[in-house]
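Engineer: Residue numbers (my numbering), protein chains in the order written: chain A, 1 to 190; chain B, 1001 to 1190.
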């Protein structure tokens, strides 16, 4: 790999997010992203099929990681703990090296665009289906499996929002644990 | 109102759902819906702005009912119990007179069409935001308010799926209570 293509993916992501925030997702063409990153369009298409994949390309890997981790969690764990036990390593692998500013830019771009917002909801819904499958594979019956999967995704989504909004140095993992800890007092335990 | 327009809305809904299932949402024009219902296009547009509103028109009323009922639930209830106390009357008012076969047709049509699926997810997400607002109005802090609202919508969605799929005569309310009953053990052991 030529020296000027070092970390090409990361440079393309950073350039694309900056441009999307500055001028709006629909206004940006791939040539501008490549130019801002100091790379060619051809290099862009080696990493992404289109500009939308800059926003959603990594979510497939997160999905696979999560489902594997839930399937492999200790068999004695109750459903929601198995989901949390899946999210923790997936978050550690997938998010701990991502700059929070980029996560913030990604959220801003998606929230400002109806089509991208819909896409994000579809992705989260498919993540929840994947987790429910993994739980059923652990012997969890319905509707408990779907319920635990959906609650896990909700906790993750809220933790992500709080991580993005906060200014202190708590990690996404810290926020995940904090939101997960809020579940018990939500319901009367008669 | 002329005699042949009695229950025009219900007849138009039934005709539209039948046609959407038979030939697909995109293939159907309003003139066919009106014809199948034995009514005019003009009558159709007195009740709906377009054919998509046949599927989503009532969800605004459900949303308003729910938010009011959560806001008015006894102030001593923990957040999730307040959400459930909101869903119960809203379901009773909004669903108890709806034929299950129509709910089933509606689900089939939406599941077969990416644009409608996205629309449904957006509606559920906005319902969750409305419920979280109502909970914050009751003094519930974040992230507990958003968490309880999202979990409530999940319980409703799963109960609706089970109601539609089941052949016995349990009502949507019965299914809601059954799915809600599965939450306690999930959360208690988390």
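Idealized CB from N, CA, C, for every residue including glycine.
How should residue 1006 (chain B) be labelled, buried or exposed, when 16 other C-beta atoms within 10 angstroms of its C-beta is the threshold for buried?
Structural biologist: In the second chain, the residue the question calls residue 1006 (chain B) occupies position 6. It is exposed - the Cβ of residue 1006 (chain B) has fewer than 16 other Cβ atoms within 10 Å.
Engineer: Tell me whether residue 1167 (chain B) sits in a helix, a strand or coil according to DSSP, three-state version.
Structural biologist: As a first step, residue 1167 (chain B) is located in the second chain; it is residue number 167 there, counting from the start. Residue 1167 (chain B): coil per DSSP, three-state reduction.
Engineer: Could you name the residues of the same chain whose beta carbon sits closer than 6 angstroms to that of residue 37 (chain A), not counting the 5 residues immediately before and after it, in chain order?
Structural biologist: Within the first chain, residue 37 (chain A) is the residue found at index 37, counting from 1. Excluding residues within five positions, the ones whose Cβ falls inside 6 angstroms are 11, 12 and 15.
Engineer: With 7 angstroms as the limit, tell me which residues of the segment 138–150 of chain A have their beta carbon closer than that to any beta carbon of chain B; keep them in chain order.
Structural biologist: Result list: 143, 144, 146, 147, 148 and 150.
Engineer: Any Cβ of chain B within less than 9 angstroms of the Cβ of residue 53 (chain A)?
Structural biologist: Counted from its first residue, the first chain places residue 53 (chain A) at position 53. False, the Cβ-Cβ gap to chain B never drops below 9 angstroms.
Engineer: For residue 182 (chain A), count neighbouring C-beta atoms within 10 Å of its own C-beta (all shown protein chains included) and say buried if the count is 16 or more, exposed if not.
Structural biologist: Within the first chain, the letter at position 182 stands for residue 182 (chain A). By the 10 Å Cβ count, residue 182 (chain A) comes out buried.
Engineer: Could you check the C-alpha separation between residue 1156 (chain B) and residue 1177 (chain B) for me, to the nearest Å?
Structural biologist: For this step, residue 1156 (chain B) is matched to residue 156 along the second chain. For this step, residue 1177 (chain B) is matched to residue 177 along the second chain. Rounded to the nearest angstrom, the two C-alpha atoms are 9 angstroms apart.
Engineer: Tell me which residue opens and which closes the alpha helix (DSSP H) that residue 113 (chain A) is part of.
Structural biologist: As a position in the first chain, residue 113 (chain A) is number 113, starting the count at 1. Here residue 113 (chain A) belongs to no alpha helix (DSSP H), and DSSP marks it neither H nor E.
Engineer: Which residues in chain B have a C-beta closer than 8 angstroms to the C-beta of residue 81 (chain A)? List them in chain order.
Structural biologist: Here residue 81 (chain A) is taken as the residue at index 81 of the first chain, counted from 1. Result: 1189 and 1190.
Engineer: Rounded to whole angstroms, what's the CA-CA distance from residue 1170 (chain B) to residue 1108 (chain B)? Just pull it up for me.
Structural biologist: Residue numbering aside, residue 1170 (chain B) sits at position 170 when the second chain is read from its first letter. Residue numbering aside, residue 1108 (chain B) sits at position 108 when the second chain is read from its first letter. For residue 1170 (chain B) and residue 1108 (chain B), the distance between alpha carbons rounds to 21 angstroms.
Engineer: List the whole-angstrom C-beta distance separating residue 63 (chain A) from residue 130 (chain A), where the pair is believed to meet the contact cut-off of C-beta under 8 angstroms.
Structural biologist: Position 63 of the first chain holds residue 63 (chain A). Position 130 of the first chain holds residue 130 (chain A). Yes, residue 63 (chain A) and residue 130 (chain A) are in contact; Cβ-Cβ is about 6 angstroms, under 8 angstroms.
Engineer: Is the Cβ of residue 1110 (chain B) closer than 9 angstroms to any Cβ of chain A?
Structural biologist: By 1-based counting over the second chain, the position of residue 1110 (chain B) is 110. No - not a single Cβ of chain A is within 9 angstroms of the one on residue 1110 (chain B).
Engineer: In or out: residue 45 (chain A) buried (at least 16 other Cβ within 10 Å) or exposed?
Structural biologist: As a position in the first chain, residue 45 (chain A) is number 45, starting the count at 1. It counts as exposed.
Engineer: Is it buried or exposed, residue 1029 (chain B), if we count other Cβ atoms within 10 angstroms and call 16 or more buried?
Structural biologist: To locate residue 1029 (chain B), count along the second chain from 1; it is residue 29. Exposed: under 16 other Cβ atoms inside 10 Å.
Engineer: Counting only runs that start and end within the segment 1055–1133 of chain B, where is the alpha helix (DSSP H) found for 4 or more residues in a row?
Structural biologist: If we require 4 residues or more, the alpha helix (DSSP H) runs fully inside the segment 1055–1133 of chain B come out as 1059–1071, 1079–1095 and 1100–1111.
Engineer: For residue 172 (chain A), which residues of its own chain have a beta-carbon under 7 angstroms away from its beta-carbon, when the five flanking residues on both sides are left out?
Structural biologist: Position 172 of the first chain, counted from the start, is the residue given in the question as residue 172 (chain A). Cβ neighbours of residue 172 (chain A) beyond the five flanking positions: 91, 95, 159, 160 and 163.
Engineer: Tell me where the alpha helix (DSSP H) around residue 34 (chain A) begins and ends.
Structural biologist: Position 34 of the first chain, counting from 1, holds the residue named residue 34 (chain A). Residues 30–37.
Engineer: How about the segment 118–125 of chain A and the segment 1117–1125 of chain B: do they share at least three Cβ pairs that are nearer than 8 angstroms?
Structural biologist: The segment 118–125 of chain A is in contact with the segment 1117–1125 of chain B.
Engineer: Take residue 79 (chain A) and list the residues in its own chain whose beta-carbon comes closer than 7 angstroms to its own, dropping the five residues that flank it on each side.
Structural biologist: Walking along the first chain from the start, residue 79 (chain A) turns up at place 79. The answer, listed in chain order, is 135, 140, 144, 145 and 148.
Engineer: Determine the chain B residues that contact residue 164 (chain A) at a beta-carbon separation under 8 angstroms, and present them in chain order.
Structural biologist: Here residue 164 (chain A) refers to the residue found at position 164 when the first chain is read from its first residue. Result: empty, since nearest Cβ-Cβ is about 13 angstroms, beyond 8 angstroms.
Engineer: Any Cβ of chain A within less than 9 angstroms of the Cβ of residue 1122 (chain B)?
Structural biologist: By one-based count along the second chain, residue 1122 (chain B) stands at place 122. Interface residue, yes.
Engineer: For residue 1032 (chain B), return the contacting residues in chain A, with the cut-off set at a CB-CB distance below 8 angstroms.
Structural biologist: Working through the second chain from its first residue, we reach residue 1032 (chain B) at position 32. None at all; the shortest Cβ gap to chain A is about 28 angstroms.
Engineer: Can you give the Cα-Cα distance for residue 1086 (chain B) and residue 154 (chain A), rounded to whole angstroms?
Structural biologist: Position 86 of the second chain holds residue 1086 (chain B). Position 154 of the first chain holds residue 154 (chain A). Distance between the alpha carbons of residue 1086 (chain B) and residue 154 (chain A): 20 angstroms.
Engineer: Tell whether a beta-carbon distance below 9 angstroms holds between residue 1081 (chain B) and residue 110 (chain A).
Structural biologist: Residue numbering aside, residue 1081 (chain B) sits at position 81 when the second chain is read from its first letter. Residue numbering aside, residue 110 (chain A) sits at position 110 when the first chain is read from its first letter. Cβ distance not < 9 angstroms, so residue 1081 (chain B) and residue 110 (chain A) don't count as in contact.
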